[in-house]
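K.L.:
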Amino acid sequence: MRFDGAVPPVAGDEGVRALSAVHARQIHRDPWPDFAAFDKEAYAEPLRRQAADLWRRRSQMEYASVAQFTRISAELADHLVPLPWHGVFARIITDEVRHAEICAQLARALHPEAVADATYALPPWPWPK
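My numbering puts the sequence shown at residues 839 to 967.
Now the structure itself:
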């Protein structure tokens with residue numbers, strides 16, 4: 839998956855657009871940073887490139903957390919845990935998605951070229967003992 843800092847839309851797919859709208863309501867539920875207002879010219883290019891790389895890596899780690907908590911949630915469902923557990927994990931997963939998206943957008947605001955070819959990777963599964 840290419841790093842682009844947002845949910846990738848699929849042209850002409852009404853279902854994806856509808857899901858993207860639900861995503862935006864859940865993830866952007868609190869005030870969202872105004873990334874367009876960031877004055878990147880106020881900072882030296884090497885510093886912005888370094889910061890963008892750090893935020894890109896943070897976004898990748900947050901994305902891996904989405905996968906990990908989703909897998910744990912599925913395991914819990916297999917063990918018929920009470921519904922409140924699922925509610926908690928749903929919120930945790932939503933928060934991790936929010937974190938990944940904020941970090942990705944900050945990286946792009948700092949230095950879009952520095953993160954243009956970044957990719958996401960899933961953590962190994964099953965986890966090593």
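We treat Cβ as the ideally placed atom computed from N, Cα and C, and that holds for glycine.
Excluding five sequence neighbours on each side, which residues of the same chain lie with their C-beta closer than 8 Å to the C-beta of Thr932?
P.N.:
Correct list, in chain order: Gln864 and Ile865.
K.L.:
Can you tell me which of Ala882, Val904 and Arg887 puts its alpha carbon nearest to the alpha carbon of Pro961?
P.N.:
Of the listed residues, the one whose Cα sits closest to Pro961 is Val904.
K.L.:
So, at 7 Å on beta carbons, what are the nonlocal neighbours of Trp893 in its own chain, with the 5 sequence-adjacent residues on each side left out?
P.N.:
So the list reads Cys941, Leu944, Ala945 and Leu948, once near-sequence residues are dropped.
K.L.:
Buried or exposed for Ala915, please, with buried defined as at least 16 other CB atoms from any protein chain shown within 10 angstroms of its CB.
P.N.:
The residue in question, Ala915, is exposed, as its Cβ has fewer than 16 Cβ neighbours within 10 Å.
K.L.:
If you draw a straight line from the alpha carbon of Ile910 to that of Ala859, how long is it in whole angstroms?
P.N.:
So the two alpha carbons sit approximately 26 Å from each other.
K.L.:
Within 10 Å of its beta-carbon, does Ala875 have 16 or more other beta-carbons around it, so buried, or fewer, so exposed?
P.N.:
So Ala875 counts as exposed.
K.L.:
Going along the chain, which residues of its own chain have a beta-carbon closer than 8 Å to the beta-carbon of Ala959, five neighbours each way excluded?
P.N.:
Result list for Ala959: Gln898 and Ala902, in chain order.
K.L.:
Between which residues of its own chain and Trp963 is the CB-CB distance below 7 Å, once the five residues before and five after are set aside?
P.N.:
Cβ neighbours of Trp963 beyond the five flanking positions: Arg909.
K.L.:
Applying the 10 Å Cβ sphere with the 16-neighbour rule, what's the burial state of Val953?
P.N.:
So Val953 ends up on the buried side.
K.L.:
Nearest CA to the CA of His924: which residue from Ala912, Val935 and Glu883?
P.N.:
Nearest option by C-alpha distance: Ala912.
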